[in-house]
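Participant: Residue numbers (the working numbering): 15 to 156.
Each residue gets a CB set at the ideal place from its N, CA and C atoms; glycine is no exception.
Would you mind keeping the following structure in view while I ask a few things?
Now the structure itself:
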């Protein structure tokens, strides 16, 4: 039972790590997009050789596209943050269950060990009683 709980905890920890990595990737993509947008804005302001590289309509299309991509990434990040939190909660719950099962297994092992020692001592006491009675019989006291 402990092994199964351990495998479950490891599996959920891996799932949590994956969705967390996905979230970090989305956040990095958003940072890259913002950097590219700022670079595009700077390039538009610093016309090459005094002439615009792109027309006004092209610039407007570029910035609208960047804004749309940023909104999509932000929505994906919000969704991913929800998934990360859900995965974290599942992992934490599995970790708690594993700890409870390990404690229960330890208690059970200790109880079984105590019972085994008690049974062994009882057998040893019975053996001692048999020896005592044999000795008494041999000496003719009984």
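What are the boundary residues of the alpha helix (DSSP H) that includes residue 135?
Facilitator: Its alpha helix (DSSP H) spans residues 70-153.
Participant: Taking the C-alpha atoms as reference points, what is the distance between residue 90 and residue 109?
Facilitator: 28 Å
Participant: Distance check for residue 58 and residue 40, CA to CA, integer angstroms please.
Facilitator: 27 Å
Participant: Out of curiosity, what's the CA-to-CA distance linking residue 148 and residue 134?
Facilitator: 21 Å
Participant: So, helix, strand or coil for residue 60, using DSSP?
Facilitator: coil
Participant: Give me the Cβ distance between residue 43 and residue 87, rounded to the nearest whole Å; I'm assuming they're in contact under 8 Å.
Facilitator: 6 Å
Participant: Does the beta-carbon distance from residue 80 to residue 50 come in below 9 Å?
Facilitator: In this structure, residue 80 lies near residue 50, with their beta-carbon atoms less than 9 Å apart.
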